[in-house]
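Data block below; observations after.
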Amino acid sequence: MKIVPVPVCELRVEKFSEPRRTPAFISLSLLIVAWLLNETALAWIHEKVPNDSPPLPDLWFSIFPEVPVPSVKTYCAPKTNASLEVVVKRVMKIAWSAGIEQLRAREFCGDLIISGHTITLFSALLAFKQYSPRKLSLLAHLYSIAAVIAVICILLARKHYTIDVIFGYLVSSRTFWTYHSIQNSYHNNDMEKNAMSQSCWSWVVPYFEKDAPPPQLFINRLIWPSSCPQRIRRRWA
Numbered sequence: 008m009k010i011v012p013v014p015v016c017e018l019r020v021e022k023f024s025e026p027r028r029t030p031a032f033i034s035l036s037l038l039i040v041a042w043l044l045n046e047t048a049l050a051w052i053h054e055k056v057p058n059d060s061p062p063l064p065d066l067w068f069s070i071f072p073e074v075p076v077p078s079v080k081t082y083c084a085p086k087t088n089a090s091l092e093v094v095v096k097r098v099m100k101i102a103w104s105a106g107i108e109q110l111r112a113r114e115f116c117g118d119l120i121i122s123g124h125t126i127t128l129f130s131a132l133l134a135f136k137q138y139s140p141r142k143l144s145l146l147a148h149l150y151s152i153a154a155v156i157a158v159i160c161i162l163l164a165r166k167h168y169t170i171d172v173i174f175g176y177l178v179s180s181r182t183f184w185t186y187h188s189i190q191n192s193y194h195n196n197d198m199e200k201n202a203m204s205q206s207c208w209s210w211v212v213p214y215f216e217k218d219a220p221p222p223q224l225f226i227n228r229l230i231w232p233s234s235c236p237q238r239i240r241r242r243w244a
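The numbers in the sequence shown follow the numbering used here, run straight up by one, and end at 244.
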């Protein structure tokens with residue numbers, strides 16, 4: 008009988024960590040703060056863009072025509088003194104509708120600089136590709152195609168300039184890849200060798216990852232949040 012050593016990187020060990028409520032609460036709080044800051048910027052910049060200024064020159068707009076939409080002329084709220092009270096009321100109005108324009112009258116007409124839709128699309132896509140089971144790779148490819156189509160629709164509808172979409176992709180992808188690059192270095196005990204660990208926010212990675220299994224021992228699998236679907240499957244199997 009011959010014993011063959013197996014490298015640790017080839018082992019697949021299932022480890023279910025206990026949920027850490029404090030880091031989850033901090034992550035959610037940071038998300039809410041970032042969202043509020045974004046809506047505050049929208050409410051404030053509305054006062055800085057003149058209503059009669061033409062759109063900026065854009066490569067996409069010069070190549071592809073605008074898609075006809077029912078609301079050709081969008082209502083813009085009149086300019087005010089942009090006081091703190093006005094900005095807070097606008098932010099509360101956006102918060103009440105969860106940012107969905109169909110639930111409130113659109114009144115902000117300032118340039119957005121970056122596409123939040125693109126950030127959401129590609130952040131969700133990268134998270135799905137990173138943490139979904141590998142047997143769902145076909146679904147990940149379909150998700151990628153759908154994300155690209157969604158971005159094209161955003162540009163066709165002229166909801167954003169081309170540079171807005173490019174910035175949105177760069178922010179979402181680089182933030183995601185930077186975090187996971189530092190995460191891998193942290194679990195391999197070589198963060199000092201990773202140039203990305205010099206970023207100003209790299210110190211949060213050890214806090215969020217200290218109780219997590221290393222990536223090489225992590226298995227992507229779907230787990231039902233309750234035992235009800237499993238019982239139904241066993242009953243009718």
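For every residue, glycine included, the Cβ atom is placed at its ideal position computed from N, Cα and C.
Considering only the alpha carbon of each residue, which of the options lies closest to residue i?
| i | options | result |
| --- | --- | --- |
| Q190 | D171, R165, A219, S179 | A219 |
| C160 | F71, T47, K86, F32 | F71 |
| S151 | L133, S139, H167 | L133 |
| R165 | K142, S122, L37, C207 | S122 |
| K217 | P140, N196, W208 | N196 |
| L128 | A153, N201, V93 | A153 |
| V158 | L38, I126, P140, P222 | I126 |
| L37 | W208, W51, R228 | W208 |
| P64 | Y138, Y168, S90 | Y168 |
| F183 | M198, L163, V212, I156 | V212 |
| F68 | M203, S192, F174, L162 | L162 |
| R28 | G175, F215, N201 | F215 |
| S180 | E199, Q137, S192 | Q137 |
| A89 | M99, C83, H53 | H53 |
Distance check for residue j and residue i, CA to CA, integer angstroms please.
| i | j | result |
| --- | --- | --- |
| I170 | L44 | 21 angstroms |
| V172 | L224 | 36 angstroms |
| E46 | A102 | 8 angstroms |
| A48 | H124 | 16 angstroms |
| S177 | P85 | Per the sequence shown, the amino acid found at residue 177 is Leu instead of Ser. Spanning the two alpha carbons is a distance of roughly 34 angstroms. |
| S104 | R97 | 11 angstroms |
| Y186 | H194 | 12 angstroms |
| R228 | K142 | 9 angstroms |
| L91 | I39 | 20 angstroms |
| L145 | A131 | 16 angstroms |
| L66 | S204 | 36 angstroms |
| P222 | N201 | 16 angstroms |
| V155 | T87 | 38 angstroms |
| S34 | F174 | 23 angstroms |
| A50 | V94 | 6 angstroms |
| I120 | M99 | 22 angstroms |
| E199 | C83 | 51 angstroms |
| A41 | S188 | 23 angstroms |
| P140 | L149 | 15 angstroms |
| W210 | F135 | 25 angstroms |
| L32 | P26 | What sits at residue 32 in the sequence shown is Phe, not Leu. Roughly 11 angstroms between the two C-alpha positions. |
| P30 | S206 | 20 angstroms |
| K55 | S192 | 44 angstroms |
Would the C-beta of residue i count as close to the ligand NAP, meaning under 7 angstroms from any of its heavy atoms?
| i | result |
| --- | --- |
| K217 | In the structure on display, the ligand NAP does not appear, and there are no ligands present to speak of. |
Which ranges would you report for the alpha helix (DSSP H) in the segment 78-103 if only whole runs of at least 4 residues count? 91-103
Which runs of the alpha helix (DSSP H) fall wholly inside the segment 143-183 and span at least 4 residues, in chain order? 144-163
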